[in-house]
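What follows is one structure encoded as structure tokens, with my remarks underneath.
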Amino acid sequence: MLNRRQFFSAAAAGAAMLARGTKAFAATYDLIIRGGRVIDPSVRLDAIRDVAISGNRIAAVEAAIAGDTAETLDARGKLVVPGLLDIHTHCGRSPVGPAKVLQDGVTGWVDAGSQGADRIGETIAVARSSPQQGRVLINIGRAGILPEGDTMDLARADVGAAREAIAANRDFIVGVKARLSRDVAGQNDYEVLRRAQEVASSFNLPVMIHMGQTISPLGKLMDLLKRGDVVTHLFAPPPNSIIDDGGHILPEVLAARRRGVWFDVGNGQTGHMRWDTIAAIMKTGFWPDTFSTDWNTNAHETGVIDLPNCMSKLFGYGMTVDEAVARGTFNASRIFPFLNDRGTLNVGAPADVAVLELRKGKFEFLDNFNNKITGNQRFFPIATVLAGKRVPHA
Ligand SMILES: [Zn+2]
Numbered sequence: 000m001l002n003r004r005q006f007f008s009a010a011a012a013g014a015a016m017l018a019r020g021t022k023a024f025a026a027t028y029d030l031i032i033r034g035g036r037v038i039d040p041s042v043r044l045d046a047i048r049d050v051a052i053s054g055n056r057i058a059a060v061e062a063a064i065a066g067d068t069a070e071t072l073d074a075r076g077k078l079v080v081p082g083l084l085d086i087h088t089h090c091g092r093s094p095v096g097p098a099k100v101l102q103d104g105v106t107g108w109v110d111a112g113s114q115g116a117d118r119i120g121e122t123i124a125v126a127r128s129s130p131q132q133g134r135v136l137i138n139i140g141r142a143g144i145l146p147e148g149d150t151m152d153l154a155r156a157d158v159g160a161a162r163e164a165i166a167a168n169r170d171f172i173v174g175v176k177a178r179l180s181r182d183v184a185g186q187n188d189y190e191v192l193r194r195a196q197e198v199a200s201s202f203n204l205p206v207m208i209h210m211g212q213t214i215s216p217l218g219k220l221m222d223l224l225k226r227g228d229v230v231t232h233l234f235a236p237p238p239n240s241i242i243d244d245g246g247h248i249l250p251e252v253l254a255a256r257r258r259g260v261w262f263d264v265g266n267g268q269t270g271h272m273r274w275d276t277i278a279a280i281m282k283t284g285f286w287p288d289t290f291s292t293d294w295n296t297n298a299h300e301t302g303v304i305d306l307p308n309c310m311s312k313l314f315g316y317g318m319t320v321d322e323a324v325a326r327g328t329f330n331a332s333r334i335f336p337f338l339n340d341r342g343t344l345n346v347g348a349p350a351d352v353a354v355l356e357l358r359k360g361k362f363e364f365l366d367n368f369n370n371k372i373t374g375n376q377r378f379f380p381i382a383t384v385l386a387g388k389r390v391p392h393a
């Protein structure tokens with residue numbers, strides 16, 4: 000059966016032939032990604048399929064797509080998944096960041112609080128010139144991330160300054176970030192989060208908290224989170240991790256998930272992940288909603304490497320390939336409205352696609368305490384298609 004687009008395209012080709020009386024040739028598609036294992040968690044699809052693209056949209060996902068195409072991408076033996084979405088990065092710190100993560104298959108990113116009100120223009124400028132969609136969270140600390148701690152000086156958690164910055168940049172600021180660890184906010188953690196919510200509530204925006212190693216008990220902080228907010232670094236080891244010494248997830252954490260708070264990995268390089276804590280949390284079944292890298296320009300030289308690598312770290316704890324893909328695509332698309340039409344290969348959706356290879360073998364994965372585990376499979380980025388165009392390999 001021809002779909003509507005194909006029908007009109009075929010009809011147009013026929014008309015052109017009649018009109019010119021010549022052998023007309025109209026490519027039905029601009030690109031067909033052939034023969035890959037297509038995993039689209041938005042429709043629970045996991046099967047060998049072709050993916051056809053016309054212009055910047057997905058045109059068909061079928062077993063064997065006939066028809067002409069301007070370009071073919073051979074994906075046999077590879078995974079074909081929606082473009083990856085990374086909701087906790089620091090891409091906004093570097094003008095080359097977005098292009099780098101695009102090579103990793105990331106077709107949408109959020110800079111999670113690199114800057115506050117004073118210099119938010121810098122991260123927004125990077126987002127504006129990004130090849131893929133990029134947006135920023137404003138750090139409630141007006142000077143952004145500081146080595147001495149963003150909000151150790153509580154005056155930096157300036158509600159008025161943050162509100163003004165958001166009002167002037169509604170198109171690029173998609174939430175408020177509150178970093179709450181003892182070396183970032185000290186004793187101020189609860190008040191900093193309260194102020195972040197005060198700012199966010201004026202604009203109906205989510206707050207993302209950076210949890211772990213706080214002074215206030217986590218349960219007390221959880222009570223300030225509303226539906227749609229995000230907790231990043233959910234695997235942070237004690238003090239104040241999401242799990243108690245007896246192996247139980249805190250009741251306030253369970254309640255937060257029930258009311259629609261999201262829990263994100265936020266891999267990063269320091270403090271946020273330790274295998275023993277991860278094992279205990281995974282065992283309870285309280286799994287992350289999303290993977291994210293907490294990306295910085297040195298990611299490839301650290302245990303982060305790239306989002307596909309971070310998405311491979313939980314296979315040894317029982318996560319399946321499909322579940323990992325969902326957490327790097329569809330789940331992330333539900334959190335921020337600018338990503339709502341992404342994370343899917345539905346016909347008509349923007350044609351953002353990541354081609355990954357699932358290699359089998361022995362792979363070493365690092366936590367943030369230099370502990371290694373060995374896994375037997377790992378995702379590697381092979382190719383990225385953004386808005387229907389294949390991204391040239393760097
Ligand atoms: Zn971060």
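According to numbering that gives the first Met the number 0, the sequence shown holds residues 0 to 393 in order.
Every residue gets a Cβ at the ideal spot worked out from N, C-alpha and C, and that includes glycine.
Secondary structure note for V158: its alpha helix (DSSP H) is the uninterrupted segment V158 to A167. Looking at the backbone, the Cα of G159 and that of H392 are separated by about 44 Å.
When DSSP reads this structure, S53 sits in a beta bridge with R56.
The bridge partners DSSP lists for M207 are K176 and V229. Scanning Q114, M310 and S215 for the CA closest to the CA of D182 turns up S215.
In the structure shown, the three-state DSSP call for S200 is helix. Cβ-Cβ distances below 7 Å link D157 to A116 and R141 in the same chain, with the five nearest sequence neighbours on each side left out; the list follows chain order. Contact between V230 and V260 holds, with the beta-carbon distance rounding to 6 Å and staying under 8 Å.
Distances between the C-beta of G265 and the heavy atoms of ligand 1 include at least one below 7 Å. Contact between W294 and T122 is ruled out by a C-beta separation of about 13 Å, above the 8 Å threshold.
Membership of P349 in any beta strand (DSSP E) is not indicated, and neither H nor E is assigned to it by DSSP. Here S201 is exposed, its C-beta having fewer than 16 other C-beta atoms within 10 Å. The Cβ atoms of L136 and K77 do not sit closer than 8 Å to each other. Shown here, T106 sits in a strand according to DSSP, grouped into three states. Residue environment analysis places K312 among the buried positions, since at least 16 neighbouring C-beta atoms fall within 10 angstroms of its C-beta. Considering only V198, C309, P94 and R257, the residue with the shortest C-alpha distance to A124 is P94. In this structure, the straight-line span from the alpha carbon of H209 to that of Y28 is close to 44 Å.
The Cβ-Cβ distance between I144 and V191 does not fall below 8 Å. A distance of 8 Å or more separates the beta carbons of D45 and L306. Note that the C-beta distance between G327 and L101 is not below 8 Å. In the three-state DSSP reduction, G120 falls in the helix class (H, G or I). Within the chosen limit of 7 Å, ligand 1 does not reach the beta carbon of A184 with any heavy atom. Ligand 1 has a heavy atom closer than 7 Å to the beta-carbon of H89.
The nearest non-hydrogen atom of ligand 1 is less than 7 Å from the C-beta of D293. By a beta-carbon distance limit of 8 Å, A298 does not contact H271. Their separation comes to about 14 Å. Less than 8 Å separates the beta-carbon of A184 from that of R178. Of the other Cβ atoms in all chains shown, fewer than 16 fall within 10 Å of the Cβ of N369; this residue is therefore exposed. When the five nearest sequence neighbours on each side are left out, the beta carbons in the same chain lying within less than 8 Å of the beta carbon of H247 are those of T283, in order along the chain. Rounded to the nearest angstrom, the gap between the Cα atoms of R33 and A348 is 18 Å. With a 10 Å radius around the Cβ and a threshold of 16 neighbouring Cβ atoms, G245 comes out exposed. The bridge partners DSSP lists for Q376 are K359.
Pairing G174 with Q196, the inter-Cα distance amounts to about 10 Å. Beta-bridge partners of T276 (DSSP): none assigned. With respect to P238, Q268 sits apart: the two C-beta atoms are not nearer than 8 Å. A direct Cα-Cα distance of roughly 14 Å separates A278 from T373.
With distances taken between CA atoms, R389 lies nearest to L72 out of I38, L72, I242 and A325.
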